[in-house]
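Residue numbers for the sequence shown follow this note's numbering, so the first one is 12 and each next one is one higher.
Notes to accompany the following structure.
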Amino acid sequence: MDTEYLKKVGLYILTVLLSVGTLFYLGYHVWRSVTREVETAPVTEITAEDTATCDAYIFRSEAPLYQTAGGQSILPTVREGEKVQKGDEVARVYSGNSPQTVAQIADIDNRISLLESCGSGGTVSLKESSKIESDIYTVMSEIREASDKGDAATAQGLRTSLLTLLNKRSLLTGGTVNFTSEIEELKAKKQTLGNSLEACLETVRATAGGYYYSDTDGYETVFKASELSDISYESLAQVLSSSPQSTENCAGKTVTDSYWYAVCPLDRKYLETYKAGDDCTVRFSGDLSLTMEVYRILSGNGGIMLILRTNYLPEGFSFARMQKVQLVTDICRGYKVPITAVRVVNGDTGVYILDGVTVRFCRINTVLKKDTYYIAAPEPEQSDTEETEETEETDSVRWLRFHDNLITEGKGLYDGRVVG
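Here is the structure:
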């Protein structure tokens, strides 16, 4: 038997089979590119927000308190944020210079306040247990993050929140609920530290009723909330660029009104976004979201000034004079439409849907664009006459509707094509 001949025949047959297979493969994919099935998804409703990031300048009604004795240590005699009346004692001025001692006394006051609030809190309901555990984890994570960044001040400030949560959990699990001995011990330590500050030179009293705070930053007489009711855009811009006043001899301040304000400079394009009296959602750092009233809107050559206000005082909120915030400028509700599904047919913007086995084109009105999708407004309401005229003009091209079977992928699409 001629083996060479057999090899040639076998090679010829293999070549023919490969050629036929290649042609079949190419033909199949050409056919699939024209007639392949489409991918669909039901139309769903979605709510999305548009935001603007800006600086917020904090204004409050504040009355600075001064000492005249020239002492070197100022020791508050009331707690931070405690409500006081005009003439009440709020601090004492001592001759000794010991900032460390004053700081220790302030820390003791915070701990006493914490123990008193936890000791009088009764019992914690079982429904709160999971939230307490979650809050403990969150605060510990924030403390660790602040420590990793070297932010000792933030980590120290979060300690009080953590101790409060731990004591609440202790109440839930049947732990100690009476902190009388601990409180008395702290008060005795405070008295000893106070005696080490040498002679008391002066007693500082509140010049107006309100809430006492020991910290001052020099903007108490610069960022005046009382002037916001009739200030002009140019004057407010000048105030925002002003330098703080000296805090020498300041012994704290009294916040005389629960209302506080956030002044937000914005681009002129947001002029029509808000109206006085509207609510505005403001997001501060630390995932704090507040609803504030639009108090006034000022317009000038540099843009606009949005003046927001609220009388809500979040626990532990930082009243730093300038903070980065996010303002919710628009909330859109409508249908979620992938960008890749949108087409323009005969001048109409729309999408294809699968109506049974038939491809249909539907119009859409996009109101907001995100990274991968549009939000399309629902079909506008029309009278019977308008609906009849619209139908005649568009020759049965209707609007996209809730739960339509939206075609998200497919080639060779056209109105009326039968799929399957």
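Here a beta-carbon is modelled for each residue, glycine too, at the ideal position from N, C-alpha and C.
All figures in this text were calculated on a predicted structure; none of them were measured in a lab.
Q) To which residues of the same chain is threonine 146 closer than 6 Å at the C-beta, ignoring the five residues directly before and after it? A) The residue given as residue 146 occupies position 135 in the sequence shown. Rather than threonine, the amino acid found at residue 146 in this sequence is aspartate. Excluding sequence neighbours, aspartate 146 sits near Leu176.
Q: Please report the residue range of the beta strand (DSSP E) in which glutamine 337 lies.
A: Against the sequence shown, residue 337 aligns to sequence position 326. Start and end: 333-349.
**Q.** Length of the line joining the Cα atoms of cysteine 373 and tyrosine 281
**A.** Taking the first residue of the sequence shown as 1, we reach residue 373 at position 362. Taking the first residue of the sequence shown as 1, we reach residue 281 at position 270. For cysteine 373 and tyrosine 281, the distance between alpha carbons rounds to 32 Å.
(Q) With H, G and I counted as helix, E and B as strand and the rest as coil, what does DSSP make of serine 192? (A) In the sequence shown, counting from the first residue as 1, residue 192 sits at position 181. It is helical.
Q.
Suppose you measure from the CA of glycine 221 to the CA of arginine 155; what does that come to, to the nearest Å?
A. Residue 221 sits at position 210 when you count from the first residue of the sequence shown. Residue 155 sits at position 144 when you count from the first residue of the sequence shown. Between glycine 221 and arginine 155, the C-alpha separation is close to 36 Å.
Q. In the DSSP assignment, what residue or residues form a beta bridge with methionine 151?
A. The residue given as residue 151 occupies position 140 in the sequence shown. Answer is none; methionine 151 lacks a bridge partner.
Q) Does any C-beta atom of chain D lie closer than 8 Å to the C-beta of isoleucine 57? A) Among the chains in the structure shown there is no chain D, since it carries only a single protein chain.
Q) Taking only runs of the beta strand (DSSP E) that begin and end inside the region 344-387, which ones reach a length of at least 3 residues, in chain order? A) 354-356, 359-366, 369-374, 377-380 and 384-387
Q | Local conformation of tyrosine 230 per DSSP, three classes | A | Residue numbering aside, residue 230 sits at position 219 when the sequence shown is read from its first letter. Reduced to three states, the DSSP call for tyrosine 230 is coil.
Q.
Which residues does DSSP list as the beta-bridge partners of arginine 409?
A. By 1-based counting over the sequence shown, the position of residue 409 is 398. Its beta-bridge partners do not exist; DSSP assigns none.
Q | Contact set for arginine 71: own chain, Cβ-Cβ below 6 Å, skip 5 residues either direction | A | Taking the sequence shown and counting its residues from 1, the one referred to as residue 71 is at position 60. Excluding positions up to five away in sequence, the list reads Ala236, Val266 and Trp271.
Q) Between the C-alpha atoms of threonine 402 and asparagine 357, what's the straight-line distance to the nearest angstrom? A) For the purposes of this step, residue 402 is taken as residue 391 along the sequence shown, with counting starting at 1. For the purposes of this step, residue 357 is taken as residue 346 along the sequence shown, with counting starting at 1. In this prediction, threonine 402 scores a pLDDT of 48, lower than 50, which makes its location untrustworthy; the coordinate-derived value is nonetheless stated afterwards. Approximately 15 Å, taken between the alpha carbons.
Q) Going by alpha carbons, who is nearest to lysine 335 out of Asp290, Ala67, Ser253 and Arg122? A) The sequence position of residue 335 within the sequence shown is 324, counting from 1. For the residues Asp290, Ala67, Ser253 and Arg122, the minimum Cα distance to lysine 335 belongs to Ala67.
Q) How close, in whole Å, do the beta carbons of methionine 333 and threonine 321 come, if the pair is a contact with beta carbons under 8 Å? A) By 1-based counting over the sequence shown, the position of residue 333 is 322. By 1-based counting over the sequence shown, the position of residue 321 is 310. That pair is no contact at about 18 Å.
Q | Under the three-state DSSP convention, the category isoleucine 24 falls into | A | What you label residue 24 is simply residue 13 of the sequence shown in a count that begins at 1. DSSP places isoleucine 24 in helix when its eight states are reduced to three.
Q.
Give me, in chain order, the residues of the same chain whose beta-carbon lies closer than 6 Å to that of glutamate 196; leave out the 5 immediate sequence neighbours on both sides.
A. As a working note, residue 196 is residue 185 in the sequence shown. Taken in chain order, the list of residues that qualify is empty.
Q. So threonine 58 packs on isoleucine 342, CB below 8 Å; how close in whole Å?
A. Along the sequence shown, read from residue 1 onward, the residue named residue 58 stands at position 47. Along the sequence shown, read from residue 1 onward, the residue named residue 342 stands at position 331. About 7 Å; that satisfies the 8 Å criterion.
Q | Rounded separation between tyrosine 230 and leucine 251 - CA only | A | If you number the sequence shown from 1, residue 230 lands on position 219. If you number the sequence shown from 1, residue 251 lands on position 240. Distance between the alpha carbons of tyrosine 230 and leucine 251 is about 10 Å.
Q. When the Cα atoms are used, what is the spatial distance from tyrosine 363 to serine 296?
A. Walking along the sequence shown from the start, residue 363 turns up at place 352. Walking along the sequence shown from the start, residue 296 turns up at place 285. Rounded to the nearest angstrom, the two C-alpha atoms are 43 Å apart.
Q. Taking DSSP as the reference, what is the three-state secondary structure of serine 136?
A. Here residue 136 is taken as the residue at index 125 of the sequence shown, counted from 1. Unreliable placement is indicated for serine 136, whose pLDDT of 49 sits below 50; the coordinate value is still reported in the next sentence. It is coil, neither helix nor strand.
Q: Identify the continuous alpha helix (DSSP H) that holds tyrosine 244 and give its terminal residues.
A: Here the question's residue 244 lines up with position 233 in the sequence shown. Where tyrosine 244 is concerned, the enclosing alpha helix (DSSP H) stretches over 244-251.
Q) Which of helix, strand or coil does DSSP assign to phenylalanine 35? A) The count along the sequence shown starts at 1 and reaches residue 35 at position 24. Helix at phenylalanine 35.
Q. How many Å lie between cysteine 65 and leucine 277 at the Cα?
A. In the sequence shown, residue 65 corresponds to position 54, counting from 1. In the sequence shown, residue 277 corresponds to position 266, counting from 1. Between cysteine 65 and leucine 277, the C-alpha separation is close to 7 Å.
(Q) By the DSSP assignment, the beta strand (DSSP E) with proline 391 in it spans what residues? (A) Residue numbering aside, residue 391 sits at position 380 when the sequence shown is read from its first letter. Run containing proline 391: none; DSSP gives neither H nor E here.
**Q.** Residue nearest to glutamine 96 in terms of C-alpha spacing, selected from Asp268, Asp120, Leu22 and Gln256
**A.** Mapped onto the sequence shown, residue 96 falls at position 85. Measuring from the Cα of glutamine 96, the nearest candidate turns out to be Asp268.
Q.
In whole angstroms, give me the CA-to-CA distance for phenylalanine 413 and valine 429.
A. Residue numbering aside, residue 413 sits at position 402 when the sequence shown is read from its first letter. Residue numbering aside, residue 429 sits at position 418 when the sequence shown is read from its first letter. Each residue's Cα considered, the two are about 22 Å apart.
Q: Could you please give the first and the last residue of the uninterrupted beta strand (DSSP E) stretch that includes proline 276?
A: Along the sequence shown, one-based indexing puts residue 276 at 265. Taken as a continuous stretch (DSSP letters only), the beta strand (DSSP E) holding proline 276 covers 261-277.
Q: Measure the alpha-carbon distance for valine 274 versus threonine 292 and round it to whole angstroms.
A: Along the sequence shown, read from residue 1 onward, the residue named residue 274 stands at position 263. Along the sequence shown, read from residue 1 onward, the residue named residue 292 stands at position 281. Whole-angstrom Cα-Cα distance: 14 Å.
**Q.** Rounded distance between the beta-carbons of glycine 81 and alanine 217, thought under 8 Å
**A.** In the sequence shown, counting from the first residue as 1, residue 217 sits at position 206. In the sequence shown, counting from the first residue as 1, residue 81 sits at position 70. Rounded, the Cβ-Cβ distance is 21 Å, inconsistent with contact.
(Q) Within a Cβ cutoff of 7 Å, which residues of the same chain sit near lysine 264, ignoring the five residues on either side of it in sequence? (A) Locating residue 264 in the sequence shown gives position 253, where the first residue counts as 1. Glu73, Ala74, Pro75, Leu76, Tyr224, Thr227 and Glu231, listed in sequence order.
Q) Buried or exposed: where does arginine 344 fall if 16 or more other Cβ atoms within 10 Å of its Cβ makes it buried? A) Locating residue 344 in the sequence shown gives position 333, where the first residue counts as 1. That one is exposed.
Q) For methionine 151, does the count of other Cβ atoms within 10 angstroms reach 16, so buried, or fall short, so exposed? A) As a working mapping, residue 151 is identified with position 140 in the sequence shown. Its Cβ having fewer than 16 others within 10 Å, methionine 151 is exposed.
(Q) Quick check on alanine 199: does DSSP put it in helix, strand or coil? (A) Counting from one through the sequence shown, the residue named residue 199 turns up at place 188. Looking at alanine 199 - three-state DSSP - the assignment turns out to be helix.
Q. Can you name the residues that DSSP bridges to aspartate 290?
A. Here residue 290 is taken as the residue at index 279 of the sequence shown, counted from 1. Note: aspartate 290 sits in a beta bridge opposite Glu304.
Q: Determine the DSSP secondary structure at aspartate 61, reduced to helix, strand or coil.
A: Here the question's residue 61 lines up with position 50 in the sequence shown. If DSSP states are grouped into helix, strand and coil, aspartate 61 belongs with the strands.
Q) Tell me which same chain residues have a C-beta within less than 7 Å of the C-beta of lysine 138, skipping the five on either side of it? A) By one-based count along the sequence shown, residue 138 stands at place 127. Note on lysine 138: pLDDT 49, under 50, position unreliable in the model; no value is reported.
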